[in-house]
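Structure, as C-alpha coordinates:
In this note's numbering, the protein residues as written are 217 to 367.
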(Lines of atoms letter the chains of each structure in order from A; the text may use other names.)
(Lines give C-alpha, C1' and ligand atoms only; values in the text may rest on other atoms or scores of the structure.)
Protein backbone atom coordinates (compact mmCIF):
# COMPACT_ATOMS: atom_id res chain seq x y z
CA UNK A 217 0.00 0.00 0.00
CA UNK A 218 2.84 2.41 0.76
CA UNK A 219 4.48 1.76 -2.60
CA UNK A 220 1.13 2.20 -4.32
CA UNK A 221 0.73 5.48 -2.42
CA UNK A 222 4.12 6.55 -3.81
CA UNK A 223 2.86 5.87 -7.33
CA UNK A 224 -0.45 7.66 -6.67
CA UNK A 225 1.35 10.74 -5.33
CA UNK A 226 3.84 10.71 -8.21
CA UNK A 227 0.98 10.71 -10.72
CA UNK A 228 -0.70 13.57 -8.86
CA UNK A 229 2.61 15.43 -9.04
CA UNK A 230 2.72 14.92 -12.79
CA UNK A 231 -0.87 16.12 -13.15
CA UNK A 232 -0.14 19.26 -11.12
CA UNK A 233 2.97 19.92 -13.22
CA UNK A 234 0.72 19.71 -16.28
CA UNK A 235 -1.45 22.45 -14.71
CA UNK A 236 1.66 24.63 -14.27
CA UNK A 237 1.54 24.42 -10.47
CA UNK A 238 5.14 23.52 -9.63
CA UNK A 239 4.77 24.07 -5.88
CA UNK A 240 1.84 21.70 -5.53
CA UNK A 241 3.58 19.28 -7.90
CA UNK A 242 6.65 19.43 -5.66
CA UNK A 243 4.52 18.78 -2.56
CA UNK A 244 3.09 15.64 -4.18
CA UNK A 245 6.55 14.55 -5.36
CA UNK A 246 7.90 14.94 -1.81
CA UNK A 247 4.91 12.97 -0.54
CA UNK A 248 5.73 10.23 -3.04
CA UNK A 249 9.29 10.04 -1.73
CA UNK A 250 7.99 9.91 1.86
CA UNK A 251 5.75 6.98 0.99
CA UNK A 252 8.78 5.10 -0.35
CA UNK A 253 10.49 5.70 3.01
CA UNK A 254 7.38 4.28 4.71
CA UNK A 255 7.50 1.20 2.49
CA UNK A 256 11.15 0.75 3.45
CA UNK A 257 10.14 0.69 7.13
CA UNK A 258 7.90 -2.31 6.46
CA UNK A 259 10.54 -3.99 4.29
CA UNK A 260 13.25 -3.52 6.93
CA UNK A 261 10.93 -4.82 9.66
CA UNK A 262 10.23 -7.95 7.66
CA UNK A 263 13.87 -8.54 6.75
CA UNK A 264 14.88 -8.07 10.38
CA UNK A 265 12.42 -10.85 11.23
CA UNK A 266 13.81 -13.23 8.58
CA UNK A 267 10.93 -12.69 6.17
CA UNK A 268 11.62 -11.69 2.58
CA UNK A 269 9.00 -9.40 1.08
CA UNK A 270 7.88 -10.01 -2.48
CA UNK A 271 6.73 -6.95 -4.36
CA UNK A 272 3.68 -7.51 -6.50
CA UNK A 273 2.31 -5.48 -9.34
CA UNK A 274 1.18 -1.96 -8.51
CA UNK A 275 -1.77 -0.79 -10.55
CA UNK A 276 -1.43 2.86 -11.49
CA UNK A 277 -4.22 5.39 -11.74
CA UNK A 278 -6.13 5.23 -14.97
CA UNK A 279 -7.30 8.84 -15.22
CA UNK A 280 -5.79 12.27 -14.77
CA UNK A 281 -7.00 14.76 -12.21
CA UNK A 282 -7.73 18.18 -13.66
CA UNK A 283 -8.11 20.39 -10.59
CA UNK A 284 -6.20 20.94 -7.37
CA UNK A 285 -9.26 19.96 -5.34
CA UNK A 286 -9.64 16.72 -7.27
CA UNK A 287 -5.96 15.92 -6.68
CA UNK A 288 -6.16 16.35 -2.92
CA UNK A 289 -9.47 14.51 -2.71
CA UNK A 290 -7.81 11.59 -4.53
CA UNK A 291 -4.90 11.79 -2.08
CA UNK A 292 -7.23 11.73 0.93
CA UNK A 293 -9.22 8.80 -0.46
CA UNK A 294 -5.99 6.83 -0.89
CA UNK A 295 -4.71 7.75 2.58
CA UNK A 296 -7.97 6.45 4.05
CA UNK A 297 -7.41 3.13 2.26
CA UNK A 298 -3.86 2.95 3.63
CA UNK A 299 -5.12 3.77 7.13
CA UNK A 300 -7.64 0.95 7.01
CA UNK A 301 -5.01 -1.49 5.71
CA UNK A 302 -2.73 -0.58 8.62
CA UNK A 303 -5.61 -0.98 11.09
CA UNK A 304 -6.24 -4.42 9.61
CA UNK A 305 -2.58 -5.34 10.13
CA UNK A 306 -2.83 -4.10 13.71
CA UNK A 307 -5.90 -6.25 14.34
CA UNK A 308 -4.13 -9.25 12.82
CA UNK A 309 -1.00 -8.65 14.92
CA UNK A 310 -3.16 -8.47 18.05
CA UNK A 311 -5.11 -11.61 17.21
CA UNK A 312 -1.93 -13.61 16.53
CA UNK A 313 -0.02 -12.21 19.51
CA UNK A 314 2.61 -10.66 17.22
CA UNK A 315 3.89 -8.25 19.86
CA UNK A 316 6.98 -7.39 17.80
CA UNK A 317 4.88 -5.83 15.04
CA UNK A 318 2.93 -3.52 17.34
CA UNK A 319 5.53 -0.73 17.76
CA UNK A 320 5.89 -0.41 13.99
CA UNK A 321 2.13 -0.45 13.47
CA UNK A 322 1.59 2.10 16.25
CA UNK A 323 4.03 4.42 14.47
CA UNK A 324 2.09 3.98 11.24
CA UNK A 325 -1.26 4.59 12.92
CA UNK A 326 0.05 7.91 14.28
CA UNK A 327 1.52 8.75 10.87
CA UNK A 328 -1.77 8.04 9.09
CA UNK A 329 -3.68 10.31 11.47
CA UNK A 330 -1.19 13.07 10.59
CA UNK A 331 -1.38 12.33 6.85
CA UNK A 332 -5.18 12.44 6.75
CA UNK A 333 -5.28 15.59 8.86
CA UNK A 334 -2.76 17.41 6.67
CA UNK A 335 -4.57 16.57 3.44
CA UNK A 336 -7.98 17.37 4.97
CA UNK A 337 -6.70 20.80 6.03
CA UNK A 338 -5.42 21.47 2.52
CA UNK A 339 -8.79 20.43 1.08
CA UNK A 340 -10.58 22.83 3.43
CA UNK A 341 -8.30 25.65 2.31
CA UNK A 342 -8.85 24.81 -1.36
CA UNK A 343 -12.61 24.95 -0.81
CA UNK A 344 -12.22 28.38 0.81
CA UNK A 345 -10.14 29.56 -2.15
CA UNK A 346 -12.65 28.26 -4.68
CA UNK A 347 -11.77 29.35 -8.21
CA UNK A 348 -9.67 32.32 -7.11
CA UNK A 349 -6.52 32.07 -9.21
CA UNK A 350 -4.54 34.24 -6.80
CA UNK A 351 -5.46 31.94 -3.93
CA UNK A 352 -4.40 28.84 -5.87
CA UNK A 353 -1.10 30.50 -6.77
CA UNK A 354 -0.53 31.43 -3.12
CA UNK A 355 -1.26 27.83 -2.06
CA UNK A 356 1.09 26.64 -4.81
CA UNK A 357 3.86 28.82 -3.41
CA UNK A 358 3.17 27.75 0.18
CA UNK A 359 3.08 24.01 -0.56
CA UNK A 360 6.15 24.38 -2.77
CA UNK A 361 8.12 25.54 0.27
CA UNK A 362 8.07 21.92 1.46
CA UNK A 363 10.67 21.02 -1.13
CA UNK A 364 11.14 17.53 -2.53
CA UNK A 365 13.04 15.87 0.29
CA UNK A 366 11.33 12.97 2.04
CA UNK A 367 10.64 13.34 5.74
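Backbone N, C-alpha and C define an ideal beta-carbon position, used for all residues, glycine too.
Note that the structure is predicted; figures quoted are calculated from it, not measured.
In the displayed model, residue 280 falls within coil according to three-state DSSP, outside both helix and strand. For residue 354, the enclosing alpha helix (DSSP H) has its first and last residue at 349 to 360.
Residue ranges of uninterrupted alpha helix (DSSP H) with 4 or more members, entirely inside the stretch 229 to 297 and ordered along the chain, are 238 to 264. Relative to the Cα of residue 275, the nearest Cα in the group 267, 222, 348 belongs to 222. Note that the C-beta distance between residue 218 and residue 258 is below 8 angstroms. Contact check between the stretch 355 to 362 and the stretch 233 to 244: three or more CB pairs, one atom from each, fall below 8 angstroms, which counts as touching. Distance from the CA of residue 281 to the CA of residue 256, rounded to the nearest whole angstrom, comes to 28 angstroms. Buried is the label assigned to residue 226, since at least 16 other Cβ atoms lie within 10 Å of its Cβ. For residue 271, the closest C-alpha among the options 303, 252, 343, 284 is that of 252. One Cα belongs to residue 330, the other to residue 267, and the distance between them is close to 29 angstroms. By the Cβ criterion, the stretch 239 to 250 is not in contact with the stretch 295 to 309, since fewer than three pairs of Cβ atoms, one from each stretch, lie closer than 8 angstroms. A distance below 8 angstroms separates the beta carbons of residue 295 and residue 332. Residue 337 sits in a helix when the DSSP states are folded into three classes.
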